[in-house]
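The structure appears right after this line, and notes come after that.
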Amino acid sequence: MLPGELQATIQEAEQVAGCAIEVVPDATANEFDNLTLRVDDGVCSATIAYRGESISRCALLHEVPHVKRYWLNAVPILRPAARLRYEPEAQMVNDLIEHLIIIPEERRFVEAESNAHWSSVMANLAELPRVSFPSSQAEVDALQRSLVLQRAMMDIALPDLDNTLLYDRLRDENLFESSAAFIDRLRNMLDDKERALIFVSREFRYDVTAFCVGRFNVRANPKSFERSPLVQ
Numbered sequence: 289m290l291p292g293e294l295q296a297t298i299q300e301a302e303q304v305a306g307c308a309i310e311v312v313p314d315a316t317a318n319e320f321d322n323l324t325l326r327v328d329d330g331v332c333s334a335t336i337a338y339r340g341e342s343i344s345r346c347a348l349l350h351e352v353p354h355v356k357r358y359w360l361n362a363v364p365i366l367r368p369a370a371r372l373r374y375e376p377e378a379q380m381v382n383d384l385i386e387h388l389i390i391i392p393e394e395r396r397f398v399e400a401e402s403n404a405h406w407s408s409v410m411a412n413l414a415e416l417p418r419v420s421f422p423s424s425q426a427e428v429d430a431l432q433r434s435l436v437l438q439r440a441m442m443d444i445a446l447p448d449l450d451n452t453l454l455y456d457r458l459r460d461e462n463l464f465e466s467s468a469a470f471i472d473r474l475r476n477m478l479d480d481k482e483r484a485l486i487f488v489s490r491e492f493r494y495d496v497t498a499f500c501v502g503r504f505n506v507r508a509n510p511k512s513f514e515r516s517p518l519v520q
């Protein structure tokens, strides 16, 4: 089911982490992004969940690069600095950076299936209600973040998808030029995820001190997941 290079990634990850990566059914799973990686008391575990009779090849090809980045390359993962606060915000920013890198990799192997999946996802995201008047600054900020996030996905990761409606909405909201500048800067820092996380967090007007970054250290003994402030 996996191309040779990704089979090699799985084998290396399992060998280094000392555990098998389990692929398990779960009726509550999403179509994509169902990877759980953990280190508890020095013991690694990894699960890829799927909904339905079997996992799609595209979903599996989407998760394997995450395993490589998080376990083998120790790429940072954005987390809230305090439990139960800013979890959705941290997840959104982290997922954005990961997807900008991983989706082009995924499309190398299953371009048509990947385009179909993400076209549906982006169509759902595009159905954003307009901000009513009067509206709070928080509502305006949330709308602007979502529109800029969508453009980043379209321009960097999904350039073959139709961006007409999104571009029209960005122009209506007077965000077209500023979002283009945001993407130009972000595109040039994707090789440095921590730098990209700081940039996006600040551009989205989040308090960067509310976040930390975690890294899996699965090559150490004992294995661990170590946290540090996003901004030192």
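Quick note: to get this note's numbering, add 288 to the position in the sequence shown (first position is 1). Just so it is clear, CB atoms sit at the ideal spot from N, CA and C, and this is done for glycine as well.
Using beta-carbon positions only, say whether residue i and residue j come within less than 9 Å of one another.
| i | j | result |
| --- | --- | --- |
| GLU377 | TYR494 | yes |
| CYS332 | HIS405 | no |
| LEU474 | GLN438 | no |
| ILE385 | ALA484 | yes |
| LEU446 | ASN476 | no |
| THR297 | VAL352 | yes |
| GLY502 | GLU514 | yes |
| PRO510 | ASP329 | yes |
| VAL381 | LEU366 | yes |
| GLU302 | ILE309 | yes |
Report all residues from its chain with a CB closer than 7 Å to the CB of residue i; omit the five preceding and five following residues, and keep chain order.
| i | result |
| --- | --- |
| VAL436 | LEU463, SER467, PHE470 |
| VAL312 | THR335, ALA337 |
| ASP429 | ARG493 |
Roughly how many whole angstroms lie between the Cα atoms of residue i and residue j?
| i | j | result |
| --- | --- | --- |
| LEU360 | ASN505 | 9 Å |
| GLU427 | SER434 | 11 Å |
| GLN425 | VAL398 | 41 Å |
| LEU388 | THR452 | 20 Å |
Got a sec? Which residues, its chain only, sit under 8 Å from residue i by beta carbon, not counting five neighbours each side?
| i | result |
| --- | --- |
| VAL304 | TRP359, LEU360, VAL506, ARG507 |
Apart from the five residues on each side of it in sequence, which residues of its chain come closer than 6 Å, Cβ to Cβ, to residue i?
| i | result |
| --- | --- |
| ASP443 | ILE471 |
| SER344 | none |
| PRO368 | TYR374, GLU375, ALA378 |
Under DSSP, the beta strand (DSSP E) around residue i begins and ends at which residues?
| i | result |
| --- | --- |
| TYR338 | 331-338 |
What are the start and end residues of the alpha helix (DSSP H) that includes residue i?
| i | result |
| --- | --- |
| SER408 | 399-414 |
| VAL519 | No alpha helix (DSSP H) holds VAL519; DSSP gives it neither H nor E. |
Where in the region 359-390 do unbroken runs of the beta strand (DSSP E), each at least 3 residues long, occur, reported from the N-terminal end onward? With a minimum length of 3 residues, the continuous beta strand (DSSP E) runs that stay inside the region 359-390 are 365-368.
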